[in-house]
Amino acid sequence: MLHTVAAFDRLGEENAFAVLARATALAAQGKDIINLGIGQPDFKTPAHIVEAAIKALRDGHHGYTPATGLLQTREAVVRRTLTMTGVEVSPENVMILPGGKPTMYAAIVMFGEPGVEIMYPDPGFPIYRSMIEFTGATPVPIPIREENGFAFSAEETLALITPNTRLIILNSPANPTGGVTPKAEIDKLVKGLENHPDVAIMSDEIYDVMTYDGEQHTSLLKYPEIRNRLIVLNGWSKTWAMTGWRMGWSIWPNGEQGGNLYDKVRKLAVNCWSCVNAPSQFAGIAAIDGPQDDVEKMMRAFDNRRKIVVEGLNDLPGVSCITPKGAFYAFPNISGTGWKAKKLASEMLENAGVALIGGPDFGILGEGYIRLSYANSEENILRALERMKAFLQNQAA
Ligand code: PLP
Numbered sequence: 012m013l014h015t016v017a018a019f020d021r022l023g024e025e026n027a028f029a030v031l032a033r034a035t036a037l038a039a040q041g042k043d044i045i046n047l048g049i050g051q052p053d054f055k056t057p058a059h060i061v062e063a064a065i066k067a068l069r070d071g072h073h074g075y076t077p078a079t080g081l082l083q084t085r086e087a088v089v090r091r092t093l094t095m096t097g098v099e100v101s102p103e104n105v106m107i108l109p110g111g112k113p114t115m116y117a118a119i120v121m122f123g124e125p126g127v128e129i130m131y132p133d134p135g136f137p138i139y140r141s142m143i144e145f146t147g148a149t150p151v152p153i154p155i156r157e158e159n160g161f162a163f164s165a166e167e168t169l170a171l172i173t174p175n176t177r178l179i180i181l182n183s184p185a186n187p188t189g190g191v192t193p194k195a196e197i198d199k200l201v202k203g204l205e206n207h208p209d210v211a212i213m214s215d216e217i218y219d220v221m222t223y224d225g226e227q228h229t230s231l232l233k234y235p236e237i238r239n240r241l242i243v244l245n246g247w248s249k250t251w252a253m254t255g256w257r258m259g260w261s262i263w264p265n266g267e268q269g270g271n272l273y274d275k276v277r278k279l280a281v282n283c284w285s286c287v288n289a290p291s292q293f294a295g296i297a298a299i300d301g302p303q304d305d306v307e308k309m310m311r312a313f314d315n316r317r318k319i320v321v322e323g324l325n326d327l328p329g330v331s332c333i334t335p336k337g338a339f340y341a342f343p344n345i346s347g348t349g350w351k352a353k354k355l356a357s358e359m360l361e362n363a364g365v366a367l368i369g370g371p372d373f374g375i376l377g378e379g380y381i382r383l384s385y386a387n388s389e390e391n392i393l394r395a396l397e398r399m400k401a402f403l404q405n406q407a408a
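Residue numbers (the working numbering): 12 to 408.
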């Protein structure tokens, strides 16, 4: 018998991948499945980005790059950060990683160990909790409430901090809720964090460009008072429809005052993945510096679909849905249907041909909700809503 360490038994999953696999299997059997389960844009990576990667390969960029990423790519991230936040960071703070998730991994293993607490949003991206448990640290959920527009509450977050808290994970715009936390709330949180100078913050801002109705994303980078303990996770996956390229970046404190976090993540990269493949890093530069028309087009499409989804969901028996202000997810409240969320999601997939994710896959507080991703065509979304309506009208819980 092989004796692997117990930490691996504590690793969780991202159920969206399991739903995708089941949806694909049902489709392979000839079933007509509409996938509203998956968290990736249904758009192609813009052509000029693909061309930049091809050119990089043709130009001979086949080798290792620095573990932190090519200087040119890090400089592109500096420009992008300035445009988005008005904050000037140094390339010495920028780390290029194979996707957004590796930043989560790095930050959580850097701070997590038995006896300490790490706070994370619930409902929230499932990998936060999974990785916290992997390290042996105690996961402390920050409740994300519908009545608060699925924003996090500064007061509630601050009240959960104890002498054992090492890291707080925040996410806005948020997966799975589409919630965007207003600036006033973040101001309040940062003010309160002054009383906890030894607590680090990881702000997952991967959906930063994806806000609607004039709602503004507020980056935690805007607060110089926490910069020496702030990690900002971002990446190319969502904004430029590049999920499969595995391209992410993050901004870390550098130097002794910032706990040498940047050097620690650099060393982790050297040990784990060496670097991100070179052609993707050239594609990443083209994404940032090239025309943003495709991003704007995608966002207009998401905005239209968002309206259709919210209207359609509110028309379903027992379902209510607040209007999400960000990302490309709706998180309707299904408690009025009488169904348990995961059961409803699986019944919808098996019997109505609509793939959705049950709220509990994002945390205990996700019960009573399902996540619907509107990364699908308007036509498919309308068909899915019709099927959901027929299902709910005909099937008792
Ligand atoms: N953070 C959030 C909130 C996400 O929703 C996702 C992907 O779904 C990620 C990070 C991970 O992104 P990537 O695919 O680049 O690893």
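Built from N, CA and C at the ideal position, the CB exists for glycine as well.
In this structure Ile-319 does not touch Ala-63 by the C-beta definition: roughly 34 Å separates them, more than the 8 Å allowed.
In terms of Cβ geometry, Val-365 and Arg-398 form a close pair [threshold 8 Å].
One thing to note: Ala-298 has its Cβ within 8 Å of the Cβ of Ile-60. For Tyr-131, there is no enclosing alpha helix (DSSP H); the residue is part of the beta strand (DSSP E) that begins and ends at 128–133.
Minimum Cα-Cα distance from Val-281 among the listed residues Arg-257, Ala-27, Arg-85, Met-106 corresponds to Met-106. Annotation for Gly-379 indicates a beta carbon at 7 Å or more from all heavy atoms of the ligand PLP. Contact between the segment 64–83 and the segment 385–395 is absent: fewer than 3 CB-CB pairs across the two stretches fall below 8 Å.
Contact between Val-100 and Ile-262 holds: their C-beta atoms lie close to 5 Å from each other, under 8 Å. With fewer than 16 other Cβ atoms inside 10 Å of its own Cβ, Met-12 counts as exposed. Membership of Pro-137 in the alpha helix (DSSP H) is indicated by the continuous run 137–146.
Minimum Cα-Cα distance from Leu-376 among the listed residues Val-88, Glu-358, Lys-353 corresponds to Lys-353. Shown here for Asp-305: same chain residues with a beta carbon closer than 6 Å to its own, the five before and five after excluded, namely Pro-57 in chain order. The beta-bridge partner set that DSSP reports for Ser-331 consists of Asn-344.
For Met-213, the pairing in a beta bridge is given by DSSP as Ile-180, Ile-242. Collapsing the DSSP output to three states places Trp-251 in coil.
Val-330 is positioned such that its CB atom lies closer than 8 Å to that of Asn-344. Secondary structure note for Ile-262: its beta strand (DSSP E) is the uninterrupted segment 259–262.
Here DSSP, grouped into helix, strand and coil, assigns Gly-369 to strand.
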